[in-house]
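Position one of the sequence shown corresponds to residue -11 (the numbering used here), numbered consecutively onward. Glycine is no exception: its CB is placed at the ideal position from the N, C-alpha and C atoms. Reviewing the structure listed below.
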Amino acid sequence: MAGLDRSKGTTESERYLAKLAEKSFVNLWTYPNVYRDQGNAGNGNGKEVCDLLVVCGDDVLVFSDKTIAWPENCDLAVAWQRWFRRAVWQSLKQVNGAMRWIDQFPDRLFIDRECSKPVPISLPPPDRRRMHGIIVALGAGEACRSYFGGGSGSLMVTPSIVGEDHLQPDSSLPFSVGDVNPNGPFVHVLDDVTLDVVMQELDTVRDMTEYLRRKERLIRRGQLISAAGEEELVAYYTTHMSGDERHDFTTPDGTDLQDSDFIAIEEGTYDHISSHPQYLAKKNADQVSYVWDRLIEHFTRTMLDGTVLTGDESDFDLNTYEAGIRHMALVPRFLRRVLGQAFLEALENGRDQPRFSRAVLMGKSHTGADTAFYFMTLAVPDPPPPGGYEHYREVRRNFLRIYALLFLRKYPHLQRVIGIGTEPPPTGKDHDGSSQDLLFAEQPEWTDELHQNLDTDIENFGIMRPGTFETRAFRGEEFPKAIDDSSFHPSPTAGPNRRTRRMLKAKARRKKKGG
C-alpha cells in the first residue's frame, strides 16, 4: 500500500481541529478538507465538501469550521446577528450540502483539490449510516464573557430557539444557540471553549457519537430547557448512567426521563465535576487506556505509510486489516482501560514463558459484546530459526490464526475476534523495538474438516495448557470511589438557570422598548 498524503487543514483553526480529531478519532479515519468533483469538468479544481470528515464504523462526522471576528462598534443585538450569520448559518449550509452529497455520491469524495485521490475508506451503507453534523464557530468567546460578566465564554444551549428564529432579533438571544436545523439531521454547534472540552472528554469515536446521539434525542424530545454551555451538558452526561450501563441524560438515580421530566443545567457544573476527587481518580485510572491508543496508532501508521508487513502478500487483505484496527478504535475509553491493562499484563506474564495468551471478553450488556480481543506473546528463538526473524513472525501469525478459531468456536456468540501478537520484552527492559502482528477473524462456516484441523493444531502446539492461557471477563468501575462522592452527580435544576434568566429579562426589556 502506498503512503497517503492528506491535507492538514488550510487555516490555523482547521489545522487545530484536524489535530484534535486525529488525537481523538485516529488518523486513519480523519480527513481534513474533503472535496467533490461536481462541476470541475476535469479542470482539477474540486469544490470543498467540508472542513473535516471522520468515518469510522457506521458513523460519519461532518465538520464545518469558521473563525469570525466579533463585530465591533455596533449594538449587541446587531453584532450577534452578524456574527451568527457568518459563523453558524453559513456553516450550516455547508454541513447540509455535505450530508446531501455524501448520501447521493458516497464514492465521489476526494482528499485533494484535483479530485485524483478518493477518500480511501469506504462509507457505511445507507441503511446503517449515521450522520452527525458539527459546526465549529469560533470568535465570540471574549464578547460572551464580557456580556455575562465572567463565566467560561461558551454559548448557551437553548432548544426553544429553532431554525430561522436564530436570525430574528425578537426570537433570538445573544450568545445562545438552539436547534439550528430542525427540519433535517440534528447539527451540533461547538465554540471557542466547548470544542476542546468535547474532544478531550469524549476522545474516542464511540464516546463522541454516543454523546451526540443522546444529546440529540434529549433536545428533539423537548426535554432540555437549557444548559449554560455545551461543557455543562458533557458534565451531566458523563456522570449519569442508564439502566443499560451507558452514559445518558437520566435522572440522578439512573432512571429514564419521563415525558413530564425536563432538565436545565446550571453554569459551573463542568467546573465542579472536573475538580472533584472522583473525576480526578477516573482520569488517573484512564492513563493505562492510552496503551490501547498507541497500539491503534502503530497499526494505522503502517497503513498510512504503506509499510504493512504481512509475510505472504498474496494472503493479505487490506480491508480485513483495516476492519481489525477499526474495531479496536470503536472501543470506548473505559473499555480501553481494561484492554490496555490486559495487554500490559500479558507482556509481563510472557516474559519468562515461551508462549502466553490472554483473551478479554465483554459482558453481554456492554458495547461490543460480540467482539473479543486476545493478546499473545511468543518468544523469539535463540538461536534464530533458519528463516530468521521473518520466519518467526510467520509462525507467530499462524498461532494467532489458531487462537482466533479457538475463541470463535469456544464462544459462539462472538461475531469476530481481534488478536495482537508480539514478542515479550526482555527481563528488566521495556517493549520498545518489538514488532506487533494484527489478526482479524470473523465467525466462519464450521465444517467437520475445520473442527478436525483445529483440534489437531491445538494438540500439536499444546494450546490451552495450564499457565499459558487466560480468559478474563470485563470488570471495573469507570469512576473509582473517592473518599467523598456524595456530591459527584449533578442534579438538574427545576427551572431556567441564571444565564437563561438574564437572557429572558433582556429579551423582555427589548420587547417592552419596541412595543
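Could you give the first and the last residue of the continuous alpha helix (DSSP H) run that contains residue i?
i	result
Gln92	Gln78 to Gln92
Asp184	Thr182 to Glu189
Ile451	Where Ile451 is concerned, there is no enclosing alpha helix (DSSP H), given that its DSSP letter is neither H nor E.
Asp47	Per DSSP, Asp47 belongs to no alpha helix (DSSP H); it is in the beta strand (DSSP E), Asp47 to Thr55.
Phe535	Since the first residue shown for the chain is -11 and the last is 503, residue 535 is missing from the structure and cannot be characterised.
Ala65	Leu64 to Phe72
Val319	Looking at the DSSP string, Val319 is not in any alpha helix (DSSP H), and its letter there is neither H nor E.
Ala131	Gly129 to Phe136
Glu382	Gly376 to Lys398
Lys11	Glu0 to Phe13
Just curious, the beta strand (DSSP E) that residue i is in, first and last residue?
i	result
Ser214	Leu212 to Ala215
Glu430	Gln424 to Glu430
Glu36	Lys35 to Cys44
Arg234	From DSSP, Arg234 is part of no beta strand (DSSP E); its letter is neither H nor E.
Val124	Arg118 to Leu126
Closest by CA to residue i, which one among the options?
i	options	result
Leu97	Ala311, Arg384 and Asn21	Asn21
Asp100	Gly138, Val37 and Cys132	Val37
Asp236	Gly217, Leu212, Thr182 and Glu254	Leu212
Leu200	Glu285, Phe331 and Glu218	Glu218
Leu80	Trp68, Arg118, Asp47 and Ala125	Ala125
Arg88	Arg74, Pro114, Glu102 and Ser104	Pro114
Arg381	Thr410, His401, Thr146 and Arg397	Thr410
His264	Trp280, Thr227 and Ile253	Thr227
Lys7	Asp39, Arg24, Arg314 and Lys35	Asp39
Pro320	Leu426, Tyr225 and Val193	Val193
Ser277	Asp249, Arg324 and Ile313	Arg324
Ala75	Phe93, Asn61 and Gly129	Gly129
Lys270	Leu332, Gln26, Thr435 and Glu189	Glu189
Thr308	Arg205, Ile406, Val66 and Leu438	Ile406
Asp47	Phe344, Asp247 and Leu111	Leu111
Leu426	Lys398, Glu447, Val43 and Arg384	Arg384
Ala273	Gly34, Ser52, Glu466 and Arg24	Glu466
Ala429	His379, Gly375, Asn448 and Thr359	Thr359
Ser422	Leu366, Tyr399 and Tyr225	Leu366
Tyr362	Leu396, Ala86, Ile122 and Leu49	Leu396
Glu437	Leu393, Pro400, Trp68 and Ile90	Leu393
Arg209	Ile90, Cys62, Asn61 and Pro147	Pro147
Gly356	Pro170, Glu233 and Asn171	Glu233
Asp158	Ala65, Arg404 and Asp91	Ala65
Ala311	Gly45, Leu442 and Gln92	Gly45
Phe250	Ala215, Ser262, Cys103 and Trp17	Ala215
Pro414	Ile253, Glu336 and Ala317	Glu336
Ile313	Lys(-4), Gly328 and Glu285	Glu285
Arg205	Asp91, Tyr225 and Pro59	Tyr225
Asp25	Asp63, Thr288, Asp95 and Thr(-2)	Asp95
Pro412	Ile446, Leu332, Asp91 and Leu442	Leu332
Is the shortest distance between the beta-carbon of residue i and the beta-carbons of chain C less than 9 Å?
i	result
Met229	The structure shown has no chain C; it contains just one protein chain.
Would you mind giving the Cβ-Cβ distance between residue i and residue j, rounded to the nearest angstrom? I have them listed as a contact below 8 Å.
i	j	result
Met350	Leu388	Contact flag wrong, Cβ pair sits at about 20 Å.
Ile451	Ile390	6 Å
Gly141	Val168	Between Val168 and Gly141 the Cβ distance is about 20 Å, and since that is not below 8 Å, they are no contact.
Gly127	Thr55	5 Å
Ser164	Leu143	6 Å
Pro173	Met119	5 Å
Ile123	Val83	6 Å
Leu402	Asn15	Between Asn15 and Leu402 the Cβ distance is about 28 Å, and since that is not below 8 Å, they are no contact.
Gly151	Val50	No, Gly151 and Val50 are not in contact; Cβ-Cβ is about 19 Å, not under 8 Å.
Gln69	Leu155	7 Å
Trp17	Val43	5 Å
Glu220	Thr197	The pair is not a contact, with the Cβ atoms about 20 Å apart (cut-off 8 Å).
Given the structure, does residue i come close to the ligand GTP, in the sense that its CB is under 8 Å from one of the ligand's heavy atoms?
i	result
Gly121	This structure does not include the ligand GTP; it has no bound ligands of any sort.
Since residue i sits in a beta bridge, which residues does DSSP pair it with?
i	result
Thr18	Val42
Arg24	Lys35
Gly409	Met364 and Asp425
Ile253	Ala215
Phe98	Tyr23 and Pro106
Met229	His235
Arg404	Thr359 and Glu430
Along the chain, which unbroken stretches of the alpha helix (DSSP H) at least 4 residues long are found entirely within the region 140 to 202? Complete alpha helix (DSSP H) runs here, min 4: 182 to 189.
What runs of the alpha helix (DSSP H), each 4 residues or longer, lie entirely inside the region 256 to 282? Every unbroken stretch of the alpha helix (DSSP H) spanning 4 or more residues and falling wholly within the region 256 to 282 is given here in chain order: 257 to 262 and 265 to 273.
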